[in-house]
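Residue numbers (my numbering): 22 to 176.
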């Protein structure tokens with residue numbers, strides 16, 4: 022508690038010595054552990070349902086499918102942005118996909134022709150047309166000191 026107060030007034034840094042300064046989040050999922058990914062999801066239209074985030078290894082074959090997903094977390098969605106933390110098991114290149122599960126049915130709902138009907142986004146905010154982007158457009162580097170990632174939902 023005292024550490025957070027000192028960080029807030031700028032008397033100490035949230036980052037370890039020599040690391041890039043990364044803003045701490047006030048969320049139950051954020052513990053300041055090594056390899057922590059501080060994720061901000063922007064363009065959240067309503068505070069309803071769940072924000073689902075999935076972490077993927079640097080593996081083109083497994084990107085955006087169940088076999089390649091390392092893990093998934095779900096937390097309450099908050100407009101106009103939702104902040105959560107994920108922990109990569111080790112430093113390296115990773116990708117994150119998110120979707121706003123508006124009806125909290127734990128599914129990424131799709132409509133006709135398999136097109137998404139719930140807002141979604143991918144790290145790196147690549148342009149998405151009728152096919153998923155290559156993983157190279159979604160990768161970001163996670164250092165032991167962590168990483169900050171912003172994803173803008175496509176509605």
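Glycine residues also receive a C-beta, built at the ideal position from the N, C-alpha and C atoms.
The model shown is predicted, which means the values in this text are computed figures rather than measured ones.
Item: What residue does the beta strand (DSSP E) around residue 70 start on, and which one ends it?; Value: Here residue 70 belongs to no beta strand (DSSP E), and DSSP marks it neither H nor E.
Item: If you compare alpha carbons, which of 139, 157, 138 and 164 is closest to residue 146?; Value: 157
Item: In or out: residue 140 buried (at least 16 other Cβ within 10 Å) or exposed?; Value: buried
Item: Here's the rule: buried if 16 or more other CB atoms are within 10 angstroms of the residue's CB, otherwise exposed. What is residue 188?; Value: Any answer about residue 188 is impossible in this case: the structure gives the chain only from 22 up to 176.
Item: For the segment 147-154 against the segment 93-108, are there 3 or more C-beta pairs whose distance is under 8 Å?; Value: no
Item: Hey, quick one: how far does the beta strand (DSSP E) through residue 51 stretch, first residue to last?; Value: That residue, residue 51, is in no beta strand (DSSP E); it is neither H nor E in DSSP.
Item: Identify the continuous beta strand (DSSP E) that holds residue 99 and give its terminal residues.; Value: No beta strand (DSSP E) contains residue 99, which DSSP labels as neither H nor E.
Item: In the DSSP assignment, the beta strand (DSSP E) including residue 161 goes from what residue to what residue?; Value: 161-163
Item: Are the CB atoms of residue 92 and residue 76 within a distance shorter than 7 Å?; Value: yes
Item: What is the DSSP secondary structure of residue 84, counted as helix, strand or coil?; Value: coil
Item: For residue 98, tell me which candidate among 137, 163, 161 and 74 has the shortest Cα-Cα distance.; Value: 74
Item: With distances taken Cα to Cα, identify the nearest neighbour of residue 168 among 70, 55, 50 and 48.; Value: 55
Item: Can you list, in chain order, the residues of its chain with a C-beta nearer than 6 Å to that of residue 84? Leave out the 5 residues immediately preceding and following it.; Value: 77 and 156
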